[in-house]
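**Student:** Please find one structure pasted underneath; my questions will follow.
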Amino acid sequence: MSTENNTEQLFDNSIKILTDLIAFRTVSGEDNNSLINYCNNILKKLGATSFKTFDEEEKRVNLFATLKAKKNNGKKPIILSGHTDVVPVSKSWSTDPFKATIKGNKLFGRGSCDMKGFIACILAYAPIYSKANLDRDIHFSLTFDEETACQGAPLLIKELDKRGIKNGICIVGEPTNMKIIDAHKGCYEYTTYFEGLAGHGSAPDKGVNAVEYATKYINKLLELREILKNKVPKDSIFSPPYTTLQIGGISGGIARNVIADKCKVDWELRPVIKEDGEFVNLEIDKFAKDKLLPEMIKIYSKSLIKKEIIGEIIGFERDLESDACQLVSSLTGDNSRGVVSFGTEAGLFQEIGISTVVCGPGSIEQAHKVDEYIVLEELKKCLALLEGIKNNSVNN
389 MSTENNTEQL FDNSIKILTD LIAFRTVSGE DNNSLINYCN NILKKLGATS
439 FKTFDEEEKR VNLFATLKAK KNNGKKPIIL SGHTDVVPVS KSWSTDPFKA
489 TIKGNKLFGR GSCDMKGFIA CILAYAPIYS KANLDRDIHF SLTFDEETAC
539 QGAPLLIKEL DKRGIKNGIC IVGEPTNMKI IDAHKGCYEY TTYFEGLAGH
589 GSAPDKGVNA VEYATKYINK LLELREILKN KVPKDSIFSP PYTTLQIGGI
639 SGGIARNVIA DKCKVDWELR PVIKEDGEFV NLEIDKFAKD KLLPEMIKIY
689 SKSLIKKEII GEIIGFERDL ESDACQLVSS LTGDNSRGVV SFGTEAGLFQ
739 EIGISTVVCG PGSIEQAHKV DEYIVLEELK KCLALLEGIK NNSVNN
């Protein structure tokens with residue numbers, strides 16, 4: 389079979405696999421076992437070994453599979469990493485979000501861009517790796533709930549660290565139009581709960597209004613936000629250059645004339661440096677403990693303020709000597725490097741010593757939106773990168 393026919397068949401296989409992947413309704417927080425089993429079956433038939441890590445309910449699962457080198461000559465293994473979850477969908481789609489639909493040069497479907505397109509490509513290319521005379525291991529890392537503060541990846545990273553799999557090169561295939569991304573801010577997500585004492589709205593002094601204390605808490609966060617704007621690190625590579633803080637939501641109370649006894653505030657930080665995250669948490673916790681809670685308890689002894697950490701995704705730091713970036717540059721011919729405002733799992737791999745780069749098909753401009761799509765040419769570019777990895781990973 390000619391090279392052209394091989395390329396076309398690989399592309400067709402990636403489309404077929406992507407169609408299958410989109411059909412799995414792996415919205416964050418939901419069971420993703422069926423999709424993981426689908427992927428694991430493909431890889432196991434090719435001779436891959438694998439292990440899984442689970443959440444406490446075993447409803448959500450990570451997969452780490454390996455195609456072993458035929459003869460290892462000391463090259464660093466390569467990890468191809470993607471998350472299997474997608475964000476929820478609204479009713480305003482023009483197509484079925486869980487059915488792949490091709491229109492012109494675009495394939496529509498939830499997760500087509502973020503980031504089942506990348507997963508489809510690596511699974512389509514896996515048979516080529518399995519037949520090649522590999523001189524380094526090729527790993528496939530598939531995680532759950534990246535979209536909700538990277539809840540799955542830390543479980544996998546912990547297992548990799550335990551097994552000594554931490555001297556490799558990782559390519560996180562988030563949508564970057566196949567451009568090299570070598571840094572992003574952290575992403576810390578929290579929900580703070582307030583519990584006070586309900587009562588009649590005509591006697592507000594006899595109750596503890598959880599909504600009112602939540603607003604005081606928010607005002608303190610906004611004060612801290614202004615401080616962060618003046619804490620710009622020297623030579624910051626980000627836009628905006630400082631750590632950002634924003635309030636995602638507030639909910640509480642049941643009626644206008646009832647003192648609200650419960651309220652919750654969703655908020656997040658995007659730290660440029662780890663110290664900013666520590667600063668905000670220290671200050672807001674001190675304010676809640678020393679200022680707000682004593683006022684609440686004075687009226688009602690069982691009042692409560694509880695901050696829940698949804699996830700604290702560490703930032704991805706630029707490494708000018710990055711093996712991962714150098715490898716991808718050598719294969720694509722593109723020496724440019726960029727930064728992004730969205731978070732990924734890259735920093736988690738980097739934290740245990742794995743050289744990491746973010747590079748994958750599709751544009752983040754299409755992610756999380758109604759009628760999400762990936763341009764088909766992006767899949768071809770991704771397959772070309774995987775071809776380059778194969779050529780760089782065979783013992784001649």
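So the sequence shown is numbered by my numbering: it starts at 389 and just counts up by one. Backbone N, C-alpha and C fix where the C-beta goes; we use that ideal spot for every residue, glycine too.
Could you check what DSSP says for N420 in three-state terms: helix, strand or coil?
**Tutor:** Locating residue 420 in the sequence shown gives position 32, counting from the first residue. N420 falls in the coil class under three-state DSSP.
**Student:** Tell me which same chain residues have a C-beta within less than 8 Å of the C-beta of V560, skipping the five on either side of it?
**Tutor:** Here the question's residue 560 lines up with position 172 in the sequence shown. Cβ within range, chain order: S469, G470, T732, E733, A734, F737, T744, V745, V746, C747 and G748.
**Student:** Take the Cβ of E760 as the centre, count every other Cβ of all protein chains shown within 10 Å, and call the residue buried at 16 or more, exposed below.
**Tutor:** Within the sequence shown, numbered from 1, the residue matching residue 760 stands at position 372. Buried.
**Student:** Let me check one thing: in DSSP terms, what residues is H572 bridge-paired to?
**Tutor:** Position 184 of the sequence shown, counting from 1, holds the residue named residue 572. DSSP, once it has assigned bridges, lists F704 and V728 as partnering H572.
**Student:** Is there contact here, the stretch 570-583 with the stretch 597-605, by at least three beta-carbon pairs under 8 Å?
**Tutor:** Segments in contact, yes.
**Student:** Considering V852, what are the terminal residues of the beta strand (DSSP E) in which it resides?
**Tutor:** Here the chain covers residues 389 to 784 and nothing more, so residue 852 does not appear.
**Student:** Helix, strand or coil, according to DSSP, for S689 in the structure here?
**Tutor:** Numbered from 1 along the sequence shown, position 301 holds the residue referred to as residue 689. DSSP places S689 in coil when its eight states are reduced to three.
**Student:** Tell me which residue opens and which closes the alpha helix (DSSP H) that C770 is part of.
**Tutor:** Against the sequence shown, residue 770 aligns to sequence position 382. L764 to N779 is the extent of the alpha helix (DSSP H) around C770.
**Student:** How far does the beta strand (DSSP E) with S438 in it extend, from its first residue to its last?
**Tutor:** Numbered from its first residue, the sequence shown carries residue 438 at position 50. Per DSSP, S438 belongs to the beta strand (DSSP E) from T437 to F442.
**Student:** Which one or two residues does DSSP pair with F653 in a beta bridge?
**Tutor:** Here residue 653 is taken as the residue at index 265 of the sequence shown, counted from 1. It is Val, not Phe, that sits at residue 653 in the sequence shown. Per DSSP, T580 and I638.
**Student:** Answer with buried or exposed for A676, where buried requires no fewer than 16 other C-beta atoms within 10 angstroms of its C-beta.
**Tutor:** Here residue 676 corresponds to residue number 288 of the sequence shown, with the count starting at 1. Flag for A676 reads buried.
**Student:** According to the Cβ coordinates, are G741 and N521 closer than 8 Å?
**Tutor:** Taking the sequence shown and counting its residues from 1, one reaches residue 741 at position 353. Taking the sequence shown and counting its residues from 1, one reaches residue 521 at position 133. Contact flag unset, no.
**Student:** Within 10 angstroms of the Cβ of A591, are there 16 or more other Cβ atoms? Answer buried if so, exposed if not.
**Tutor:** Counting from 1 along the sequence shown, the entry for residue 591 is found at position 203. The residue in question, A591, is exposed, as its Cβ has fewer than 16 Cβ neighbours within 10 Å.
**Student:** Starting from F496, follow the alpha helix (DSSP H) in both directions and report where the run begins and ends.
**Tutor:** Within the sequence shown, residue 496 is the residue found at index 108, counting from 1. Per DSSP, F496 belongs to no alpha helix (DSSP H); it is in the beta strand (DSSP E), K494 to F496.
**Student:** Can you grab the Cα-Cα spacing for the pair D664 / V727, in whole Å?
**Tutor:** The residue given as residue 664 occupies position 276 in the sequence shown. The residue given as residue 727 occupies position 339 in the sequence shown. Rounded to the nearest angstrom, the two C-alpha atoms are 19 Å apart.
**Student:** What are the boundary residues of the alpha helix (DSSP H) that A591 is part of?
**Tutor:** Residue numbering aside, residue 591 sits at position 203 when the sequence shown is read from its first letter. Here A591 belongs to no alpha helix (DSSP H), and DSSP marks it neither H nor E.
**Student:** Go to T744, then tell me how far its beta strand (DSSP E) extends in each direction, as first and last residue.
**Tutor:** Numbered from its first residue, the sequence shown carries residue 744 at position 356. From DSSP, the beta strand (DSSP E) with T744 extends over S743 to V746.
**Student:** Measuring CA to CA, which of I685, K504, L451 and A648 is closest to A488?
**Tutor:** The residue you call residue 488 lines up with position 100 of the sequence shown. Closest by alpha carbon: K504.
**Student:** With DSSP as the reference, label E733 as helix, strand or coil.
**Tutor:** Position 345 of the sequence shown, counted from the first residue, corresponds to residue 733. In the structure shown, E733 sits in coil (DSSP, three-state: anything other than H, G, I, E or B).
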